[in-house]
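Presented below is the structure to which this report refers.
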Amino acid sequence: MKDSNFLTENNARHLWHPMAHPADSLANPPDIIVEGEGVEVIDLDGHRTIDAVGGLWNVNLGYSCTPVKHAITEQLNRLPYYSIFRGTTNDAAIELSFMLKEFFAPDGLTRAFYTSGGSDSVEVALRLARQYHKIRGDAGRVKFLSLKKGYHGTHTLGASVNGNANFRTQYEPLMQGCYHIPAPYTYRNPFNETDPEKLAQLCLAALEDEIRFQGAETIAAFIMEPILGAGGVIPPHKSFMPGVRALCDKHGILLIADEVITAFGRTGAWSGSRLWGVQPDLLCSAKAISNGYFPFGAVMICGKVAEVFEGDTSGKGASGSAYTYSGHPVGAAAAVACLKETGRLRVKDNAAERGTQLFQGLLALQDKYSAIGDVRGGHGLMCALELVADRQTKAPIDKKIIGAVHRTTYENGALIRVSGNNIILSPPLVLSAADVDTILSALDAGFAAQT
Ligand SMILES: Cc1ncc(COP(=O)(O)O)c(C=O)c1O
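For the sequence shown, the residue numbers in our numbering are 1 to 451.
Below, the structure is given as structure tokens:
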């Protein structure tokens, strides 16, 4: 590693950081993380904090997951790369597909298509949806519906179904044929409805209205996160996703669950779809599939969709989607080890228990600090605080204040993520009760100092 003078001097000078303004990164250079241990990260100055962001919702098993590290090393030594394009495959890719089929059996998903990450998984799922309808002779079904506030990565098709202007405006025009409906977001919604169940019904009515307006015969798929993540952790009422499933069935529309965050235990269930008792047609996964140690993803495909592709004799079912790193043996080996550890540790159970503790603690902080306008969570280890300047008007808080809360919280032992006027918490699923207490006390110190 280069010495600290070199790193500090060159920090943000020769690279542009994702999801950041280059001028801001120069003015406020990012913390330089140099080590990870357990659920903690250590910066260049030796300051140790709990990683309450869990990498980026992906380091579910923490930074010291030896079986995954060993699997990566062993695979690198034996076969560092081989493609699974037509005609060849590799042993790790085969083993993983068997394990994924078993893991997602309760979700009705039987086949895997490998990708290099979440945006790729979304892109492939959307493409498969169009292709599915074309193979069936329903070529007019090309449109996509999605939720405002939803996040589906940054490829152009994914950005087109994204429901947040921040990730769209500078890249327009995006893909035609993508339409959005209101999210079941009780704190702010066009219906001014605060009751989650009533709001879910209103959003479902808006969905059906849009389906009728567009014409069901023009719509390929509806894509949603079972719990909206990057948009500010928005858990819908439990009736919402089953309601979406019913509408999709009624109108011949495929349901894509974007579970890049929610698969593998984060919500306290093994998948977000399972949390709500829904079987999607396609499921996008990535992130925790390899504990974030190797870029990898998989789109899972249900039996009904698989049959259409596998039974096709016209040639239309051939895959025109591919990444050089689809089925990368090192990523697949990491995922095999990761799935074994995920199951052995039953991380969903700890996510549920620690998630409740974290959520209750955040609600207590809301009683103490008026800047916390809304607390969202209650389903595993994904929570958010929405900060406001005034609880009545819900005007967003000054960015400088939220930045200062972030800094003081960091100094007091917890790394948190700021996104717009939200503080997002998505710690590793293996954290302890004491770790949750540390996150809460660090946040308490952060708010006490600024508000
Ligand atoms: C729900 C969801 N979909 C897609 C993505 C994109 O994944 P990636 O950043 O790995 O491309 C993300 C990333 O946070 C996500 O949260």
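Glycine included, every Cβ here is placed at the ideal spot set by N, Cα and C. Bear in mind the structure is a predicted one, so any value in this text is a computation, not a measurement.
| query | result |
| --- | --- |
| G150 and N162 closer than 8 Å at C-beta | yes |
| Segment limits, beta strand (DSSP E) that includes D91 | D91 -> not in any beta strand (DSSP E); alpha helix (DSSP H) instead, spanning 91-103. |
| Beta-carbon proximity of A442 to G413, cut-off 8 Å | yes |
| Any alpha helix (DSSP H) of 4 or more consecutive residues that is wholly inside the stretch 117-142 | 118-135 |
| Limits of the unbroken alpha helix (DSSP H) element including S25 | 22-27 |
| Sequence-distant residues of its chain with Cβ nearer than 7 Å to N164 (five each side left out) | K149, Y151, G231 |
| heavy atom of ligand 1 below 7 Å from Y293 C-beta | no |
| Whole-number beta carbon distance between Y171 and P329, since they are thought to touch under 8 Å | Between Y171 and P329 the Cβ distance is about 34 Å, and since that is not below 8 Å, they are no contact. |
| Identity of the residues DSSP links to L385 by a beta bridge | V375, I423 |
| Top-ranked residue by Cα proximity to D374, from E386, D367, M382 | E386 |
| L490 versus G331, A12, G268, G38, residue with shortest Cα-Cα distance | This structure cannot speak to residue 490, because the chain is shown only from 1 to 451. |
| In chain order, each alpha helix (DSSP H) run of at least 4 residues that lies wholly inside the stretch 202-244 | none |
| Cβ-Cβ distance between L126 and F144 below 8 Å | yes |
| Cβ-heavy atom distance, S426 to ligand 1, below 7 Å | no |
| Close-in-space but distant-in-sequence residues of the same chain around K394 (CB under 8 Å, 5 per side omitted) | Y187, R188, G373, V388 |
| Among G55, L415, M300, nearest to S285 - alpha-carbon criterion | M300 |
| Closest residue to K69 among A352, G331, P427 (Cα-Cα distance) | G331 |
| Buried/exposed call for E74, threshold 16 Cβ in 10 Å | exposed |
| As assigned by DSSP and simplified to three states, the class of V308 | helix |
| I416 in three-state terms, based on DSSP | coil |
| Nearest candidate by alpha-carbon position, reference Y369, set R354, R376, D390 | D390 |
| Beta-carbon spacing of I289, A335 below 8 Å | yes |
| Residue from R130, A445, M1 whose Cα sits closest to the Cα of L254 | R130 |
| As assigned by DSSP and simplified to three states, the class of T110 | strand |
| Contact test: Y151 Cβ vs ligand 1 heavy atom, cutoff 7 Å | yes |
| Residue of S119, A71, A93, P106 minimising C-alpha distance to F264 | P106 |
| K287 beta carbon near ligand 1 (any heavy atom closer than 7 Å) | yes |
| Endpoints, alpha helix (DSSP H) assigned at T408 | 399-411 |
| CA-to-CA distance, E225 to L199, given in whole angstroms | 17 Å |
| Check: S146 C-beta below 7 Å from any heavy atom of ligand 1 | no |
| Inter-residue Cα distance where the pair is G457 and L204 | It is not possible to answer for residue 457, since the shown part of the chain is limited to 1 through 451. |
| Limits of the beta strand (DSSP E) - the one that H180 falls within | 178-181 |
| Cβ pair count under 8 Å reaching 3, the stretch 303-318 against the stretch 54-66 | no |
| Distance cut-off 7 Å: S326 Cβ against heavy atoms of ligand 1 | no |
| Any chain C beta carbon closer than 8 Å to D195 | Judged by its chain identifiers, the structure shown contains no chain C, having just a single protein chain. |
| Through-space distance from H379 to P428, alpha-carbon basis | 14 Å |
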